[in-house]
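Protein chains in written order, with our numbering: chain A, 1 to 277; chain B, 278 to 425; chain C, 426 to 741. Idealized CB from N, CA, C, for every residue including glycine. Here is the structure we will look at, set down as structure tokens.
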Amino acid sequence: MTSLRAAPGVTIATALGAPRSQLLLVLGDDDLVTGHRASYWTGVAPAIEMDLAFATIAQDGINHADLWYQLIVGSELSGNDPQVRAAVDAIGLGRDPGDYRHAILCERPPGDIAFSIARHIVVDHVLATRLDALTGSSDRDIAGLAGKIAWEQRYHLRHAVRYLGLLAGAEPAQRSRFTRALERVVAEAFGLFESFAGEAEVVADGTLPVAHAELRDAWLERMQTVLAPHGLDGVLDVDEVPSDALGGRLGTHSRDFTDELWPEMTTLYRSDPAAEW
Amino acid sequence: MDHDGPDHDDTGVRDPSVRNPSPAAVPDTALPIETMWEVFGRRRINDALEHVGQIHAGDRDTALLLARETHFRHEEAVDYAVVRSDQLHRLEDPSLLERRVDIDYRLQRGYSGFRDKRARAREAAARRGADDLQTRPAPGRDVASEAS
Amino acid sequence: MAGLIPSRDQLDARTAEFVDHIHAGGKVEATDWMPETYRRLNLKFIEMHANSEIMGALPEREWISRAPSLRRKRSLAAKVQDEVGHGQLIYRVAESLGKPRSQMYADLVAGRGRFHNVFHYPTHSWGDVACIGFLVDGAAIVTQRALTDTSYAPYLRVMRRVVAEESLHYRHGEDILLALASGTDEQFAMLQEAVNRWWTPILHFFGTDTAREDDPSIFWGIKPRTNEESRQEWMTTYIPKLWDVGISLPDPTLDWDPETKVWNYAEPDWQELADLVKGDPSEATATRLAWKQRLARDNDWIREVVLGEPAPVLAA
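So this is what it looks like as structure tokens:
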């Protein structure tokens with residue numbers, strides 16, 4: 001990997017277009033936006049112990065995004081080096097909305113706790129499926145990082161599965177509230193499996209060992225196993241993916257992102273990208 | 278770290294000779310004891326489990342799941358355990374541990390004066406003519422001088 | 426207030442013995458007998474402390490979504506999480522004195538619960554994050570450190586753990602403040618402007634200059650130090666640090682007297698504090714509580730599912 005050059009802005013703009021970088025943006029942006037939305041509950045979750053656990057899951061998303069972006073920067077310097085920090089923040093907070101590659105589901109507002117938990121359950125299983133595939137990447141750095149993050153995901157999955165059990169086994173009114181949220185989430189989750197520009201190249205050279213279309217099938221099988229014991233696998237029968245759940249991988253985002261999440265997340269950074277905070 | 282303990286008597290019996298728990302202690306109906314769990318952590322692999330606090334959780338698996346981020350967010354432990362609070366039985370009267378007669382015969386402080394005792398035995402041995410034993414080379418002995 | 430400090434002849438034998446015990450530095454366990462006044466005052470104090478941890482999370486969490494770097498984003502989230510964690514520990518201590526956590530929480534959200542003045546204010550900029558993280562948190566560290574000698578042993582133990590975690594927060598806060606102080610002119614100005622707004626609330630935080638013998642919290646073994654002692658300690662720790670980096674305080678009379686070893690400063694307006702805690706809620710507080718009430722209506726049902734306890738009934 002090359003070390004950073006003197007003009008990070010120019011270097012990064014060129015680097016971001018490459019297929020490998022696009023893959024890393026998909027991975028990083030899914031994590032960043034998921035973590036950002038999850039961190040809404042930090043301090044205001046309905047129960048204190050629940051708040052504490054979910055807050056860590058949110059922080060993990062932001063932390064993992066940082067690590068994926070560091071692979072785009074590709075420096076030999078430490079992750080804490082100011083130059084690396086500047087480059088990573090430029091990627092995470094310095095792009096225009098059309099340059100983000102996360103799925104629409106991730107940018108939806110937190111809604112109520114049923115929606116956020118349903119999204120956590122579904123998306124963390126998508127991430128786990130994709131990470132498992134990435135541990136076989138021909139790119140050593142990506143394979144290595146995927147392994148580390150997959151390890152961290154163990155807690156996320158345990159957490160998600162526990163909540164699934166609690167909500168599926170709750171009183172009818174509570175269970176149906178959860179089920180409705182789950183249906184909405186699953187329908188939009190298919191947007192996570194859209195392919196991105198450059199996907200064909202990274203699949204061909206093994207950087208992404210499994211294409212998103214196949215990952216979707218693996219994820220569906222996994223969800224079947226996880227949901228069936230609770231009688232909830234019916235939510236997986238999605239006739240039609242809502243059209244407004246698609247487009248994220250190509251940079252077409254909803255107002256939830258362009259008008260709300262993106263300005264909130266990036267305005268202070270963009271007021272002075274050269275400043276150190 | 279010690280904890281304040283459940284403030285109810287789980288056997289339902291109160292010994293009037295024991296200093297009474299506060300009459301303001303919350304009756305069992307107000308505190309949902311069954312949702313309280315005691316949490317223990319093991320700092321390093323050779324340490325014993327140590328009480329670190331409590332959490333609210335509806336069942337064992339949820340308690341085990343949530344304890345990680347309530348009590349071990351900062352790499353404080355390599356292992357942890359939970360027990361439902363009403364399953365942890367405290368000694369109702371810790372003054373039982375306080376002894377009023379001296380039991381130094383079974384404590385370290387009951388054995389002392391070893392410098393003098395060793396010196397007396399060495400002198401006695403010297404009088405008995407143990408010169409050879411006392412001066413032959415041995416680890417910890419300065420060969421040139423007499424054994425101290 | 427004076428009625429909370431009884432004279433010797435007003436005490437029955439058992440209470441007198443108890444008072445002697447705590448005045449001699451003795452500690453009190455949850456299962457010990459205690460006078461009703463002791464229990465009530467400790468519960469009120471500790472409940473307010475726990476409420477403050479929860480309400481303190483609100484101004485800071487506003488900036489997690491807006492943080493100017495990814496590192497600050499997650500470290501601010503971790504810091505807010507720790508505050509919630511402290512709330513968890515401190516509510517447990519208050520519970521042991523006879524009030525269920527769900528009731529304390531319901532009171533807080535309904536606007537009946539008390540919490541420290543500093544968390545009734547809005548935030549306007551990242552400069553507030555530096556001030557809350559370093560200066561306001563610093564005030565809490567001063568009082569919490571003193572409380573590691575409180576008489577109620579469960580509270581003492583939790584304070585030991587909280588103080589240990591606060592050393593991380595201290596570094597986090599200082600890191601943010603120093604970045605602004607040594608940054609661009611705009612960043613420096615942002616910090617100075619925020620410090621100017623937080624000065625009075627921090628003075629207020631420590632309470633009025635009440636003499637040791639007039640303070641029921643000291644008589645009943647809750648606080649070992651007077652309000653003024655704590656305020657002076659905060660000034661000694663934090664003002665030189667601010668001056669070192671060119672940040673001033675908005676009080677031209679503020680100075681340190683090396684002879685008396687006392688900070689001289691202009692008295693803040695104490696009526697402003699009284700209005701804040703006893704009058705109508707501030708706009709920031711009203712907004713935040715209304716939001717928490719809405720969140721409670723939408724989401725508290727899940728508490729029963731996760732914690733096994735029935736959702737509290739919110740009073741009007």
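Proximity below 8 Å, CB of residue i to CB of residue j
i: G35 of chain A; j: A65 of chain A; result: yes
i: D682 of chain C; j: N689 of chain C; result: yes
i: R130 of chain A; j: L23 of chain A; result: no
i: E315 of chain B; j: H333 of chain B; result: no
i: H120 of chain A; j: A160 of chain A; result: yes
i: S707 of chain C; j: A619 of chain C; result: no
i: R249 of chain A; j: R101 of chain A; result: yes
i: G552 of chain C; j: L514 of chain C; result: no
i: L246 of chain A; j: V731 of chain C; result: no
i: A280 of chain A; j: A118 of chain A; result: Beyond the ends of chain A as shown, which are 1 and 277, falls residue 280 of chain A; an answer cannot be given.
i: L105 of chain A; j: G191 of chain A; result: yes
Partners in chain C for residue i, counting only beta-carbon separations shorter than 8 Å
i: I149 of chain A; result: Near I149 of chain A there are no residues of chain C at all, since even the closest Cβ is about 15 Å away, more than 8 Å.
i: A118 of chain A; result: Under the 8 Å cutoff, chain C gives no residues; its nearest Cβ is about 12 Å from A118 of chain A.
Simplified DSSP state of residue i, which is helix, strand or coil
i: V453 of chain C; result: strand
i: N689 of chain C; result: strand
i: H474 of chain C; result: helix
i: A427 of chain C; result: With a pLDDT of only 47 at A427 of chain C, under the threshold of 50, the placement of this residue in the model should not be trusted, and no figure is reported.
i: M313 of chain B; result: strand
i: D409 of chain B; result: helix
i: G136 of chain A; result: coil
i: W623 of chain C; result: helix
i: H541 of chain C; result: coil
i: G289 of chain B; result: A caution first: G289 of chain B carries a pLDDT of 34, below 50, which makes its placement in the model unreliable, though a value can still be read off. Note: G289 of chain B maps to coil in three-state DSSP.
i: A6 of chain A; result: Summary for A6 of chain A: the model assigns pLDDT 42, below 50, so the residue's position carries little reliability, and this model does not support an answer.
i: D356 of chain B; result: strand
i: E400 of chain B; result: helix
i: D680 of chain C; result: strand
i: Y269 of chain A; result: helix
i: L341 of chain B; result: helix
i: I322 of chain B; result: coil
i: Y388 of chain B; result: coil
i: H278 of chain A; result: The shown model of chain A, from 1 to 277, leaves out residue 278 of chain A, and the question about it has no answer.
i: A503 of chain C; result: helix
i: E49 of chain A; result: helix
i: H333 of chain B; result: strand
i: H64 of chain A; result: helix
i: A740 of chain C; result: Since pLDDT at A740 of chain C reaches only 42, below the 50 mark, its modelled position is unreliable, and no value is offered.
i: W277 of chain A; result: coil
i: E171 of chain A; result: coil
i: E591 of chain C; result: helix
Interface residues of chain A facing residue i [CB-CB closer than 8 Å]
i: L342 of chain B; result: A53, R158, H159, R162
i: T312 of chain B; result: Per Cβ cutoff of 8 Å: no residues; T312 of chain B is ~10 Å from chain A at best.
i: E315 of chain B; result: Chain A residues near E315 of chain B: none, gap ~14 Å exceeds 8 Å.
Cross-chain neighbours of residue i in chain A, by beta carbon under 7 Å
i: N724 of chain C; result: P46, D112, I113
i: D338 of chain B; result: R162
i: S477 of chain C; result: Residues of chain A passing the Cβ test: none, with the nearest at roughly 13 Å.
i: K498 of chain C; result: I62
Chain B residues whose Cβ lies nearer than 9 Å to that of residue i
i: V561 of chain C; result: The premise fails here: V561 of chain C is roughly 22 Å from chain B at the closest Cβ pair, so nothing lies under 9 Å.
Heavy atom of the ligand NAD within 7 Å of residue i beta-carbon
i: G206 of chain A; result: In the structure on display, the ligand NAD does not appear, and there are no ligands present to speak of.
Proximal chain C residues relative to residue i, where beta-carbon distance stays under 7 Å
i: R108 of chain A; result: Those do not exist, as R108 of chain A stays about 15 Å from chain C at its closest Cβ, beyond 7 Å.
i: G247 of chain A; result: By Cβ distance, chain C contributes nothing, its closest Cβ being about 23 Å from G247 of chain A, past 7 Å.
i: L167 of chain A; result: V730
Contact list for residue i against chain B, beta-carbon separation under 8 Å
i: L501 of chain C; result: Ordered by position in chain B, no residue passes the 8 Å Cβ test against L501 of chain C, which lies about 15 Å from the chain.
i: Y155 of chain A; result: R345
Quick check on the DSSP output: what are the complete alpha helix (DSSP H) runs of length 4 or more inside the region 185–222 of chain A, in order along the chain? 199–204
When you check each C-beta in the region 48–72 of chain A against every C-beta of chain B, which residues fall closer than 8 Å? I48, E49, M50, L52, A53, A55, T56
Output needed in chain order: residues of the region 506–531 of chain C with a Cβ under 7 Å from some Cβ in chain A. Q506, V509, G510, G512, Q513
Note down, in chain order, all residues in the region 584–616 of chain C with a beta-carbon under 8 Å from any beta-carbon belonging to chain A. I601, A604, L605, G608, T609, E611, Q612
Alpha helix (DSSP H) runs contained entirely in the region 625–672 of chain C, provided each spans 4 or more residues: 641–644, 652–669
Short of 8 Å Cβ to Cβ, which residues in the region 324–335 of chain B face chain A? I332, H333, A334, G335
Quick check on the DSSP output: what are the complete alpha helix (DSSP H) runs of length 4 or more inside the region 110–134 of chain A, in order along the chain? 113–134
For the region 346–357 of chain B, list every residue whose C-beta sits within 8 Å of some C-beta in chain A, in sequence order. E346, T347, R350
Select from the region 81–101 of chain A all residues with a C-beta closer than 8 Å to any C-beta belonging to chain C, and list them in chain order. R85, V88, D89, G92, L93
Note down, in chain order, all residues in the region 686–703 of chain C with a beta-carbon under 8 Å from any beta-carbon belonging to chain A. none
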